[in-house]
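A.B. asks: What follows is a single structure, and I will ask about it in a moment.
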Amino acid sequence: MQDLLPEDMLRFRRIEDVFQTCCRNWGYQEVRTPTLEYLYLFTATGTLTPSMLSKVYSFLDWDGWSGERVVLRPDGTIPVARLYIDNLSGQELTRLFYVTNIFAFEGTGKENRERWQCGAEFFGGAKSAPDVEIILLAEEVIRRLGISNVELQLSHAGLVKALLKELKLSPSEEAKMTNRILEGNWQALTKAKSTNPEIDRLIAALLGLKGKSSSFLHNVRASFPKASQDFKSSLEDLINIAALLDNLGCSYKIDIAAIHGFEYYTGICFQFLAAGEKIGGGGRYDNLVPLMNGEDIPACGFALYVDPIMKLLTLGKKKKGEPGILVKGKELTPGIAKTCFTIAESLRDAGYPAELDFTGRKESNYRWVVLVSGKEPCSFMITDYVQGRRLDAASMAEILKVVSEG
Amino acid sequence: MKDYQDGYIKLALPKGRFLSPTSSLLAEIALGFQDYSDKTKQYRLRSARFPGLSAKILQEKDISIQVAVGNYDLGICGLDWIEEFLVKYPAGALVKISSLNYGEGSINVVVSAEAGIANLNELSAGRNDYRIVSEYPNLAEAFALNLRMRRFRIFQVWGAAEAYPPENADLAVLWGKSGTHIATQGLIPLKKLLPVTAFLIANRESLENKDLSQILMCFSSKLIAEPQTSIENGLDISEELKGTRPLWQAKEINLALPDGHQQAPTSQFLKQAGLALQGYSEEVVSRRPSADLDWLGIKVIRPQDMPLQVANSNFDLAITGEDWLLEHLYRFPSSPVKKLFALGFGIVKIVAAVSQEMPVADIDELRSLVQSSKFAPLKVASEYINIADKYLRDNHVNPYKLIPTWGASEAFLPEDADMLIDNVQTGKTLKQHKLRVIDVLFRSSACLIANKDSLASSDKKGKMEFLTKKLRAGLK
Chain S
1 MQDLLPEDML RFRRIEDVFQ TCCRNWGYQE VRTPTLEYLY LFTATGTLTP SMLSKVYSFL
61 DWDGWSGERV VLRPDGTIPV ARLYIDNLSG QELTRLFYVT NIFAFEGTGK ENRERWQCGA
121 EFFGGAKSAP DVEIILLAEE VIRRLGISNV ELQLSHAGLV KALLKELKLS PSEEAKMTNR
181 ILEGNWQALT KAKSTNPEID RLIAALLGLK GKSSSFLHNV RASFPKASQD FKSSLEDLIN
241 IAALLDNLGC SYKIDIAAIH GFEYYTGICF QFLAAGEKIG GGGRYDNLVP LMNGEDIPAC
301 GFALYVDPIM KLLTLGKKKK GEPGILVKGK ELTPGIAKTC FTIAESLRDA GYPAELDFTG
361 RKESNYRWVV LVSGKEPCSF MITDYVQGRR LDAASMAEIL KVVSEG
Chain X
1001 MKDYQDGYIK LALPKGRFLS PTSSLLAEIA LGFQDYSDKT KQYRLRSARF PGLSAKILQE
1061 KDISIQVAVG NYDLGICGLD WIEEFLVKYP AGALVKISSL NYGEGSINVV VSAEAGIANL
1121 NELSAGRNDY RIVSEYPNLA EAFALNLRMR RFRIFQVWGA AEAYPPENAD LAVLWGKSGT
1181 HIATQGLIPL KKLLPVTAFL IANRESLENK DLSQILMCFS SKLIAEPQTS IENGLDISEE
1241 LKGTRPLWQA KEINLALPDG HQQAPTSQFL KQAGLALQGY SEEVVSRRPS ADLDWLGIKV
1301 IRPQDMPLQV ANSNFDLAIT GEDWLLEHLY RFPSSPVKKL FALGFGIVKI VAAVSQEMPV
1361 ADIDELRSLV QSSKFAPLKV ASEYINIADK YLRDNHVNPY KLIPTWGASE AFLPEDADML
1421 IDNVQTGKTL KQHKLRVIDV LFRSSACLIA NKDSLASSDK KGKMEFLTKK LRAGLK
């Protein structure tokens, strides 16, 4: 469990502000889903791994005798997909974004159980332009946040699934293999020798090589003419996306094995890394909405992980004495206190942040300090810490004049 | 180890099914405890050989938890309760040392022979909402998640899980001695989850920091490699295992009757009321007794489970205790369960008790003591979690920690809990264990409860009234 302190919240709000601005500029609208959802919402798709689902915080609701359990939201996309199906599925194209916390049961009590993410989902857009749109949107947010040395990695869930099918495993073995890969254990795939040497060659090549342009994928296509139809069409899809990114000057690395946890994804999967940490990811999930009893609507989306990004964010240093005004009372009589409140209110009305202080302690973190003495005719003394001067003022109008002239 | 002070090493030993084989094992490895027998009234045992070793007899369900929290360094209990804990808290402080190679049967996922579910694939592919009943909710959930079941609900029960399918549950996760044993209950095993063998377990920190070697050495001749315990075992369905129970027919009104201590007085009461039952006398115990009313379905289950099972409409009427009804209503105030009338038997007092050594006479003095932080947080052992919770809140006792137990809370005092909230009949047991009652929360009698929706239903109303009238006539 962690507190977000004022310094943390400055970073948090900066991320949120940049994210919201970018999303709105791209035509996305904000939504918010409840923190509590029914457990079956997350089991119903049959796509989340058992290990992920075993880490949900679940409990009985007011009608616990029904056996139905509720959970603290463990994932950002599925609730938004539910919101879309329940309320917005009539629209042809729907672009939504959200800032939300997700919860994961943590077995040691040492790790953080609540994580924040900024996510965007695009319902109704079929490949490949929408895939590129969400990649570029995510990339723009990261760029505007000023995070440097970011690597974009691309993979494709369809390709991985086609490879798995080629191994011709039994349904239960295939399910186990899928779980292992989703948990990031790609060695399992290379160890599973198929009867077909062509498949072993394909797996070795795809897991071993990393490409930096669509040419790499063209080479793969040319080297494996006997690959299955599923594989070829997924490869084609990835080629289209990669080619478009090439044309737009967006650099990336194709690394099939880099990505895990792509549970409901069906097409492109991507993630952003900075300073060795994963700061965001997303992909295409065309089956999720139909699996949740919605219509056959294709969709894609991404989420940026606020916690690691907060650590990477450099905030512009707040200049000393800018731009605050401190209003102080010389002594705490009812008359002076009233004047202090009135002065501060007028300053705020004029657009200046104004803080009150009745403690008499020295305070130098402000450009201006207005001391209310209560003595006529010059009831106010203004100290300008930037220019190091002192001025007397007799009225509110005079204070405003001094402050506005700087 | 003679240098160590008394009670340096604490061992938790099982009561119930594993008591006698564990006692024999300990005797064999020269670690015997004189009073560790079926007849003992003691909970605390001293080792004659190792003065530094003390032991306590606990319910098996409590042992894995008590060892994990560090109240005991070592423990012996069944693998089922260990895995029930570990599947939920894999990174916890519970370490399996070794199987002790005795035990019987296994934990299985079963369906009713009448359910028409032939294999696991149907469960994972299906879009049905499966009801799973079990004493092992964590194992049941892990099973459902591993199978990627799309929708399921888990009903935790205190026992008698075999009585629920097919009407009141689709699947059960339960213990069975063998495939045949399960089949005689009209059930088919779909998957074996784990064998039930006794295990030696340890607290991780004790194992890492404390010298337990002399005790562990005693076990050395008995330590064997872990048997197959993976809950990913293959299918274990034998084709010849077919249910033997006649086809079940839906009944208009369903009544739940209690097993255990309450069975004899309930049976007596029903006789008085003139309700003739087959299969509910002390000699013949059936999970499904029959009455001479063809519209009445009857099942025998745990009284603790009844309020919830009436609330979810599995039963229209049930005979349970007022204590268990209250426990349910405190948790779910809008539950559609209603008490119709008390039956006047099975009377117990629900009391709060502390060790005689604790210097308090009543709850007010206890509150002050907790506030003075001598006993903060106050550890309260109870099988009535919600009643205990409400009692402590209402009396402004703060802070406190609840320790759920499965009966016999008195074993926890004074070492592992400061107070208990439990039922007593005479108070003799409490005195024996040097405990003092500081408050009586309420008196509880057996009572007839009903589902409010059933009472209001035009289809059921007439027969419900007929039955309640008949039962009311049994009151003296």
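Respectively, the protein sequence lines represent chains S and X.
Quick note on my numbering: the first sequence kicks off at 1 and runs consecutively.
Quick note on my numbering: the second sequence kicks off at 1001 and runs consecutively.
Ideal Cβ placement from N, Cα and C applies to all residues, glycine included.
1) For the region 103-117 of chain S, which residues have a CB atom closer than 8 Å to at least one CB atom of chain X, in sequence order?
2) Let me confirm a value: E345 (chain S) is counted as buried when at least 16 other C-beta atoms fall within 10 Å, else exposed. Which label applies?
3) When you compare the CB positions of K1452 (chain X) and K1338 (chain X), do they come within less than 7 Å of one another, or not?
4) Please compile the residues from chain X whose C-beta is within a distance smaller than 8 Å of the C-beta of G267 (chain S).
5) What's the call for H156 (chain S), buried or exposed, on a 16-neighbour Cβ count within 10 Å?
6) Measure the alpha-carbon distance for A81 (chain S) versus M292 (chain S) and round it to whole angstroms.
7) For the alpha helix (DSSP H) that T100 (chain S) lies in, which residues bound it at each end?
8) May I have the straight-line CA-CA distance separating E1252 (chain X) from L1308 (chain X), to the nearest angstrom?
9) How about L347 (chain S) and A354 (chain S): are their beta carbons less than 7 Å apart?
10) Can you find a C-beta in chain S that's less than 7 Å from the C-beta of F1085 (chain X)?
11) Between which two residues does the beta strand (DSSP E) holding N87 (chain S) run?
12) For the region 297-308 of chain S and the region 266-281 of chain S, state whether three or more C-beta atom pairs, one from each stretch, are separated by less than 8 Å.
13) In chain X, which residues lie less than 9 Å from T407 (chain S) when you measure between Cβ atoms?
14) Can you find at least 3 beta carbon pairs, one from the region 1046-1065 of chain X and one from the region 1009-1021 of chain X, that sit closer than 8 Å?
15) By Cβ distance below 7 Å, which residues in the same chain neighbour I1385 (chain X) in space, the five residues on each side in sequence not counted?
16) Three-state secondary structure (DSSP) at M1358 (chain X)?
17) How long is the line joining the alpha carbons of V289 (chain S) and T178 (chain S), rounded to whole angstroms?
18) Shorter than 7 Å from the beta carbon of G1243 (chain X) to some beta carbon of chain S?
19) Can you name, in chain order, every residue of its own chain whose Cβ lies under 7 Å from the Cβ of Y28 (chain S), other than the five neighbours on each side?
20) For L1193 (chain X), would you say it is in contact with chain S, using Cβ-to-Cβ distances shorter than 7 Å as the test?
21) Report the rounded CA-to-CA distance for N1398 (chain X) versus V1424 (chain X), giving the unit in angstroms.
22) Give a yes or no on whether 7 Å exceeds the smallest Cβ distance from P1090 (chain X) to chain B.
23) Can you name the residues of chain X whose CB is closer than 7 Å to the CB of E174 (chain S)?
24) Within 10 angstroms of its Cβ, does Q1262 (chain X) collect 16 or more other Cβ (buried), or is it exposed?
25) Suppose you measure from the CA of M396 (chain S) to the CA of F380 (chain S); what does that come to, to the nearest Å?
26) Mind reading off the beta-carbon distance from S1491 (chain X) to G1279 (chain X)? Whole number of angstroms is fine, and I expect it under 8 Å.
27) Taking the straight line between their C-alpha atoms, what separation do you get for G1474 (chain X) and I1065 (chain X)?
28) Around the C-beta of Q271 (chain S), are 16 or more other C-beta atoms found within 10 angstroms, so that it is buried, or is it exposed?
29) Output the boundary residues of the alpha helix (DSSP H) element that contains S1368 (chain X).
30) Strictly below 8 Å CB to CB, what residues from chain X border P171 (chain S)?
31) Can you give me the Cβ contacts of L159 (chain S) inside the same chain, cut-off strictly under 6 Å, excluding the 5 residues immediately before and after it?
32) Output yes if chain S places a C-beta closer than 7 Å to the C-beta of D1236 (chain X); else output no.
33) Residues of chain S with a CB under 9 Å from the CB of F1332 (chain X): which are they?
34) Could you compute how far the alpha carbon of L1448 (chain X) sits from the alpha carbon of K110 (chain S)?
35) Determine the closest residue to G1159 (chain X) out of X:P1258, X:E1208, X:D1062, X:L1145, with distance taken between C-alpha atoms.
36) For the region 1270-1320 of chain X, list the alpha helix (DSSP H) runs that are entirely contained and at least 4 residues long, ordered along the chain.
C.D. replies: On the basis of the coordinates in this document:
1) G107, T108
2) exposed
3) The Cβ-Cβ distance between K1452 (chain X) and K1338 (chain X) falls below 7 Å.
4) What G267 (chain S) touches in chain X: nothing, since even the nearest Cβ is about 21 Å away.
5) buried
6) Distance between the alpha carbons of A81 (chain S) and M292 (chain S): 8 Å.
7) No alpha helix (DSSP H) contains T100 (chain S), which is instead part of the beta strand (DSSP E) from 94-103.
8) Those two C-alpha atoms are separated by around 19 Å.
9) yes
10) no
11) Taken as a continuous stretch (DSSP letters only), N87 (chain S) belongs to no beta strand (DSSP E), as it is neither H nor E.
12) The region 297-308 of chain S makes contact with the region 266-281 of chain S, as at least three CB pairs between them are under 8 Å.
13) Any property of residue 407 (chain S) remains undetermined from this structure, which presents chain S solely from 1 to 406.
14) yes
15) L1402, P1404
16) coil
17) Using only the alpha carbons, I get a separation of about 21 Å.
18) Only weak support exists for where G1243 (chain X) lies, its pLDDT of 44 falling under 50; the value from the coordinates is given anyway. Cβ-Cβ to chain S under 7 Å: no for G1243 (chain X).
19) R95, L96, F97, A120
20) no
21) Straight-line measurement puts the Cα of V1424 (chain X) at about 25 Å from the Cα of N1398 (chain X).
22) Absent here is chain B; the protein component of the structure consists of chains S and X.
23) Within chain X, no residue comes near E174 (chain S); the closest Cβ sits about 12 Å away, beyond 7 Å.
24) buried
25) Taking the straight line joining both Cα atoms gives about 9 Å.
26) Because residue 1491 (chain X) is not part of the residues shown, which for chain X are 1001 to 1476, the question remains open.
27) 43 Å
28) buried
29) 1363-1371
30) N1121
31) S234
32) The pLDDT assigned to D1236 (chain X) is 43, lower than 50, so where the model puts this residue is not dependable, and the model offers no usable value.
33) Result: L60, W62, D63, G64, W65.
34) Roughly 48 Å separates the two Cα atoms.
35) X:P1258
36) 1306-1311
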